[in-house]
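Step one of this worksheet: look at the structure below.
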Amino acid sequence: MALQMLSFSNHLIYAYVNVIWVRTIEKVLADFVTDKDRNTHHHMISKPASIKFIVTLAPYYGLDSEVVDVSWGNAKTSVILRKRVRNGWCGIPNVALSSIAQHYRALASVAEANGGIPVTGAYNAIIAGNTGSVGDIPHDSDNSEGQNLADFNPPSASTEVPLSLPPVSSVKIAVNGYQITNLSRALEDRDLVDLLEPILKLPVSITWLEISDTRNDCVIQLVETENMSQVEYILVNSSNKVFNLLVMDGLAEDVELCWMTHKQVITATAEIHTKKPAKSFKRPAQTKKDSIGHESKFSALKYDFPDE
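Residue numbers (UniProt numbering): 1 to 308.
Given below as structure tokens:
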């Protein structure tokens, strides 16, 4: 089995299976380490496996962790994260674990085909963005036991570490598409593709949602992307243009950022623009018509034409 032949930590497998949650945790840690006004963060989680994952991930953000409340085996456990103020580096790693985890299947296949290759070369190839050559990675004679892919060494305090590329977006949830509400029925798939691809600069796919007969909703997702960070970066930075194109021009009721699972279930949404209340139009006051037999209020305004 491929899982038995891989030489890196099971935390990578955990990140692959729980990529949505892992990306959320990465955002929480990134926001915390960049907040100069906070030195501690208390994170509440119900699953012990999640707590163990955070404890393992925390050192690579320069954080110390302490599990509190109850023992490891019980629910409602929480963890306190503290910045290493006196000695040590604190910041965002140059590579996010979630961006590595998405290549897990490729690495597992290569490891199985090659009898369990060391992961050092594969890890370096992923950082360089050369995922297509993972299968050609040679054995590393200096590291016969392989390297723990998830547990890459955190940088020293004197090392300047660049932020993750693309930058962490302002959206607090993981997103992988746009949810379009009440799209104009005059638009067909080809029309929508022609409108959005020039903005997003990548091919898009359309998933129609069966919500009700009176709604015409769909989800737009990118087809060709390097990683999930790139997906989110493009979606968030293009969201205003997409919103203005569809909503402000009257082609749709609303556009939101969203996360849609492989089962076509939307589990989270984020507003692009705050919804404005619908405008209410007041009917003009009707003037009372003059009844027959009653003198008009304008009857006093008479003009006598001079005799010719």
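Positions of the beta carbon are idealized from the N, C-alpha and C atoms, including for glycine. Predicted model only: the values in this text are computed from it and were never measured.
Check: Coarse secondary structure for A58, derived from DSSP in three states; Outcome: helix
Check: Proximity winner among M228, A186, N176, L245, relative to P198 (alpha-carbon distances); Outcome: L245
Check: Bounding residues of the alpha helix (DSSP H) (the contiguous stretch that carries E197); Outcome: 189 to 200
Check: Between the CA atoms of D64 and F53 - distance to the nearest angstrom; Outcome: 13 Å
Check: Buried/exposed call for residue 330, threshold 16 Cβ in 10 Å; Outcome: No information on residue 330 is available, as it lies outside the stretch 1 to 308 that the chain covers here.
Check: Coarse secondary structure for L81, derived from DSSP in three states; Outcome: strand
Check: 6 Å Cβ shell around W72 - same chain, five flanking residues per side excluded; Outcome: Any reading at W72 needs caution, since the residue's pLDDT is 48, under 50, leaving its predicted position unreliable; the model's value is listed next. For W72, where only same-chain residues beyond five positions count, the Cβ hits under 6 Å are P48.
Check: Whole-number beta carbon distance between V219 and M260, since they are thought to touch under 8 Å; Outcome: 5 Å
Check: Near the ligand COA: L202 beta-carbon under 7 Å from a heavy atom; Outcome: For the ligand COA, the structure offers nothing, since it holds no ligand at all.
Check: N237 versus A15, V19, S50, K201, residue with shortest Cα-Cα distance; Outcome: K201
Check: Simplified DSSP assignment, three categories, for T34; Outcome: coil
Check: Cβ pair L12, I80 closer than 8 Å; Outcome: no
Check: For L97, the three-state DSSP class (helix, strand or coil); Outcome: helix
Check: H41 classed as buried or exposed, judged by whether at least 16 other C-beta atoms fall within 10 angstroms; Outcome: buried
Check: CB of L257 within 8 Å of CB of T267, strictly; Outcome: no
Check: Coarse secondary structure for V219, derived from DSSP in three states; Outcome: strand
Check: Option nearest A15 by Cα separation, candidates V28, S50, D31; Outcome: S50
Check: T40, enclosing beta strand (DSSP E) - first and last residue; Outcome: 40 to 44
Check: For Q179, three-class secondary structure by DSSP; Outcome: strand
Check: 8 Å Cβ cutoff met for V204 and V175; Outcome: no
Check: Under the three-state DSSP convention, the category V68 falls into; Outcome: strand
Check: Of the residues R38, H103, L192, the one placed nearest L251, counting alpha carbons only; Outcome: L192
Check: I211 classed as buried or exposed, judged by whether at least 16 other C-beta atoms fall within 10 angstroms; Outcome: exposed
Check: For W208, three-class secondary structure by DSSP; Outcome: strand
Check: From H103, I180, D189, residue whose alpha carbon lies closest to that of T215; Outcome: The question names Thr, yet the displayed sequence has Arg at residue 215. For R215, the nearest C-alpha among the options comes from I180.
Check: Per-residue DSSP class, three states only, for L257; Outcome: strand
Check: Classification of E188 by the beta-carbon crowding that lies within 10 angstroms, buried from 16 upward; Outcome: exposed
Check: Reduced DSSP category for I234 - H, G, I as helix; E, B as strand; rest coil; Outcome: helix
Check: Buried or exposed by the 16-neighbour rule on C-beta atoms within 10 Å, applied to L217; Outcome: At residue 217 the sequence reads Asp, which differs from the Leu that was named. D217 is buried by the Cβ-count criterion.
Check: Extent of the continuous beta strand (DSSP E) to which T214 belongs; Outcome: Note, T214: premise wrong, no beta strand (DSSP E); not H, not E.
Check: Buried versus exposed call for A58 [16 or more other C-beta atoms within 10 Å across all chains shown]; Outcome: buried
Check: C-alpha distance - K83 paired with N18, whole-angstrom precision; Outcome: 26 Å
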